[in-house]
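Residue numbers (the numbering used here), protein chains in the order written: chain Y, 1 to 72; chain B, 101 to 172; chain V, 201 to 272; chain X, 301 to 372; chain F, 401 to 472; chain Z, 501 to 572; chain L, 601 to 672.
Below, the structure is given as structure tokens:
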């Protein structure tokens, strides 16, 4: 058994795909998270809306509230 | 009587169907969960949107907030 | 006076109808619940969307968040 | 001054109208409630959707989350 | 400085307008409230939907969740 | 660094613009707030819906839940 | 590893882009935040709705609830 936070922790410094509500995706390197909110810090992130990369962010703080999934 | 978390625990390492709000389904092997958020870890998961498999994920962390049901 | 949880408890092993937001109904045998979330476990459940049975589930864990009512 | 829960308590065994989000009304005899969720138990209830009685329930547990008002 | 709850308290026995989400207004005499939910009890209330009085309630318990404002 | 509540406190007795979800704006004199809900009391307030002043309120209690921003 | 709040803290006095739900963006200098709500204070802020600058705010308090991301 792997707890969700353990999976996040093991994904630090790896590329992850974060899907948010509203058709938003963020593909970047996981640099941090907090507990219990699951707010995330990503580096070198592509922001993908409706399957199109619309922006790049060196650093981005994603609020955990809107997360549907994190896929390492 | 079986408590919901006991059912989740008994489903570890089994295939489950997770239905989320927004017409999203995740069919995979339950590898972990947390309490009380019901965030889940699935392995070898088919992501199904509007009855179509749109992606596969080796590992995925699903946020519990959006869950409608888990069906073992 | 009957408290809501007492009604749920008295309904264990009985058929109940659970209405969720989004036009979803679940008709099954109540096998468990938790407090205070009101997550439910149902057995032998018909999943009814817009008045049509779309699936059957041997066991299903319904998240309490989406419940409109439980009718024993 | 009458606190909301005191009004609910005084309405036990009386007919009440409960309006939920989504155009749903429940007209029945208040048989119970809990604190702080305001989940309700009604008996002999007419379920009214868009001003039409669509079902009758001997006993129903309404989740407090969706309540707009209770009118004794 | 007047705290919100002090304003509510000073409005007891006075006519107030309560605006809820979904285009609903309730114009009545404030008879009670609770903390921290801001559930309200109104007396002799006109229920106003889309600027039309659709019902009158001798007593009504409004759930605080849906309140946009209370205007004494 | 100025904490959000310090900015609100410094705005007491000043005119502020409060934007709520749903295209609602309230332009008035800040007379109070509470912690942690951020419920507000405004005086002499113009209620602005879709850029039109639709009402004036001597005193209004705005529930913090719906606030998008407060601009002093 | 950088925790989300550490990234916010390091962004004080720098320009940040804050994306809110509902197609709203706020581009300004981060002047404060609180924990755990993530309410923010921005200075010299452009308010951007659907990619158009619709207003400027000397000081603005953004409620954390609606935040999708903060990009330093």
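Think of the CB as a built atom: it goes at the ideal place given N, C-alpha and C, for glycine as much as any other residue.
As the structure is a prediction and not an experimental result, all values here were calculated from the model.
Could you tell me which residues DSSP pairs with residue 249 (chain V) in its beta bridges?
By 1-based counting over the third chain, the position of residue 249 (chain V) is 49. Answer by DSSP bridge pairing, in chain order: V:224 and V:252.
Tell me which residues share the same chain as residue 37 (chain Y) and place their Cβ nearer than 6 Å to its Cβ, disregarding the 5 neighbours each side in the sequence.
Stepping through the first chain from its first residue, residue 37 (chain Y) is reached at position 37. So the qualifying residues of the chain are 64.
What did DSSP end up calling residue 443 (chain F) once you bin it into helix, strand or coil?
Against the fifth chain, residue 443 (chain F) aligns to sequence position 43. Residue 443 (chain F): strand per DSSP, three-state reduction.
Determine, for residue 31 (chain Y), whether the minimum Cβ-Cβ distance to residues of chain L falls below 8 Å.
Within the first chain, the letter at position 31 stands for residue 31 (chain Y). So yes, residue 31 (chain Y) belongs to the interface.
Please identify the residue among Y:58, Y:45 and Y:34 whose C-alpha is closest to the C-alpha of residue 24 (chain Y).
Counting from one through the first chain, the residue named residue 24 (chain Y) turns up at place 24. Taking only the C-alpha atoms, the option nearest residue 24 (chain Y) is Y:45.
Sort out for me which residues DSSP pairs residue 219 (chain V) with in a bridge.
Mapped onto the third chain, residue 219 (chain V) falls at position 19. DSSP, once it has assigned bridges, lists V:225 and V:269 as partnering residue 219 (chain V).
Count the other CB atoms, across all protein chains shown, that sit within 10 Å of the CB of residue 309 (chain X); report buried if there are 16 or more and exposed otherwise.
As a working note, residue 309 (chain X) is residue 9 in the fourth chain. Exposed, since its Cβ has fewer than 16 Cβ neighbours within 10 Å.
Which word fits residue 553 (chain Z), buried or exposed, when buried means at least 16 other C-beta atoms lie within 10 angstroms of its C-beta?
Residue numbering aside, residue 553 (chain Z) sits at position 53 when the sixth chain is read from its first letter. Exposed, since its Cβ has fewer than 16 Cβ neighbours within 10 Å.
For residue 649 (chain L), go through chain Z and note every residue whose CB falls closer than 7 Å to its CB, in chain order.
If you number the seventh chain from 1, residue 649 (chain L) lands on position 49. In chain order: nothing, as chain Z lies at least about 11 Å away.
Closer than 8 Å between beta carbons: that is the criterion. Which residues of the stretch 5–23 of chain Y meet it against chain B?
5, 6, 7, 8 and 21
Out of V:251, V:206 and V:229, point me to the one whose CA is closest to residue 258 (chain V)'s CA.
For this step, residue 258 (chain V) is matched to residue 58 along the third chain. Of the candidates V:251, V:206 and V:229, the one whose C-alpha sits nearest the C-alpha of residue 258 (chain V) is V:229.
Could you work out which residues of chain Z lie near residue 660 (chain L), taking near to mean beta carbons separated by less than 7 Å?
Sequence index remark: in the seventh chain, residue 660 (chain L) carries index 60 (1-based). Per Cβ cutoff of 7 Å: 569 and 571.
Please state if the CB of residue 434 (chain F) and the CB of residue 372 (chain X) are separated by a distance shorter than 8 Å.
For this step, residue 372 (chain X) is matched to residue 72 along the fourth chain. For this step, residue 434 (chain F) is matched to residue 34 along the fifth chain. Not a contact, by the Cβ cut-off of 8 Å.
Which residues in chain F have a C-beta closer than 7 Å to the C-beta of residue 302 (chain X)? List them in chain order.
Your numbering for residue 302 (chain X) matches position 2 in the fourth chain. Simply 431, 432 and 441.
With distances taken Cα to Cα, identify the nearest neighbour of residue 55 (chain Y) among Y:16, Y:26, Y:13 and Y:18.
Within the first chain, residue 55 (chain Y) is the residue found at index 55, counting from 1. Checking every option, the nearest Cα to that of residue 55 (chain Y) belongs to Y:26.
Extent of the continuous alpha helix (DSSP H) to which residue 436 (chain F) belongs
By 1-based counting over the fifth chain, the position of residue 436 (chain F) is 36. Per DSSP, residue 436 (chain F) belongs to no alpha helix (DSSP H) and is neither H nor E.
Whole angstroms are fine: how far does the CA of residue 211 (chain V) sit from the CA of residue 341 (chain X)?
Numbered from its first residue, the fourth chain carries residue 341 (chain X) at position 41. Numbered from its first residue, the third chain carries residue 211 (chain V) at position 11. Going by the C-alpha atoms only, they are around 13 Å apart.
Going by C-alpha to C-alpha distance, which of B:167, B:161, B:113 and B:120 sits closest to residue 150 (chain B)?
The residue you call residue 150 (chain B) lines up with position 50 of the second chain. The shortest C-alpha separation from residue 150 (chain B) is found at B:120.
How would you label residue 214 (chain V), buried or exposed, when you count the other beta carbons within 10 angstroms and need 16 or more for buried?
Taking the third chain and counting its residues from 1, the one referred to as residue 214 (chain V) is at position 14. Residue 214 (chain V) should be labelled exposed.
With distances taken from CA atoms, which of Z:531, Z:569 and Z:568 is nearest residue 407 (chain F)?
By 1-based counting over the fifth chain, the position of residue 407 (chain F) is 7. Closest option to residue 407 (chain F), Cα to Cα, is Z:531.
Could you round the C-beta distance between residue 518 (chain Z) and residue 470 (chain F) to whole angstroms and report it? I think they count as a contact, below 8 Å.
Numbered from 1 along the sixth chain, position 18 holds the residue referred to as residue 518 (chain Z). Numbered from 1 along the fifth chain, position 70 holds the residue referred to as residue 470 (chain F). Actually they are not in contact, since the Cβ atoms of residue 518 (chain Z) and residue 470 (chain F) sit about 15 Å apart, beyond 8 Å.
Endpoints, the alpha helix (DSSP H) within which residue 205 (chain V) is located
Counting from 1 along the third chain, the entry for residue 205 (chain V) is found at position 5. Unbroken alpha helix (DSSP H) run through residue 205 (chain V): 204–210.
Report, in whole angstroms, the separation of the C-beta atoms of residue 39 (chain Y) and residue 668 (chain L), which I expect to be a contact under 8 Å.
By 1-based counting over the first chain, the position of residue 39 (chain Y) is 39. By 1-based counting over the seventh chain, the position of residue 668 (chain L) is 68. About 11 Å; that fails the 8 Å criterion.
Minimum Cβ-Cβ distance from residue 237 (chain V) to chain B less than 8 Å:
On the third chain, position 37 is the one that residue 237 (chain V) refers to. Yes, residue 237 (chain V) counts as interfacial toward chain B.
Measuring only the C-alpha atoms, how far is residue 622 (chain L) from residue 647 (chain L)?
Here the question's residue 622 (chain L) lines up with position 22 in the seventh chain. Here the question's residue 647 (chain L) lines up with position 47 in the seventh chain. Cα to Cα, the separation comes out at about 13 Å.
Neighbour list for residue 257 (chain V) in chain B, Cβ cutoff strictly below 7 Å
Along the third chain, one-based indexing puts residue 257 (chain V) at 57. Chain B residues near residue 257 (chain V): 171.
Would you kindly work out how many angstroms separate the C-alpha atoms of residue 316 (chain X) and residue 302 (chain X), rounded to a whole number?
Sequence index remark: in the fourth chain, residue 316 (chain X) carries index 16 (1-based). Sequence index remark: in the fourth chain, residue 302 (chain X) carries index 2 (1-based). The alpha-carbon atoms of residue 316 (chain X) and residue 302 (chain X) are separated by roughly 17 Å.
Hey, how far is the Cα of residue 243 (chain V) from the Cα of residue 443 (chain F)?
Position 43 of the third chain, counted from the first residue, corresponds to residue 243 (chain V). Position 43 of the fifth chain, counted from the first residue, corresponds to residue 443 (chain F). So the alpha carbons of these two residues sit roughly 45 Å apart.
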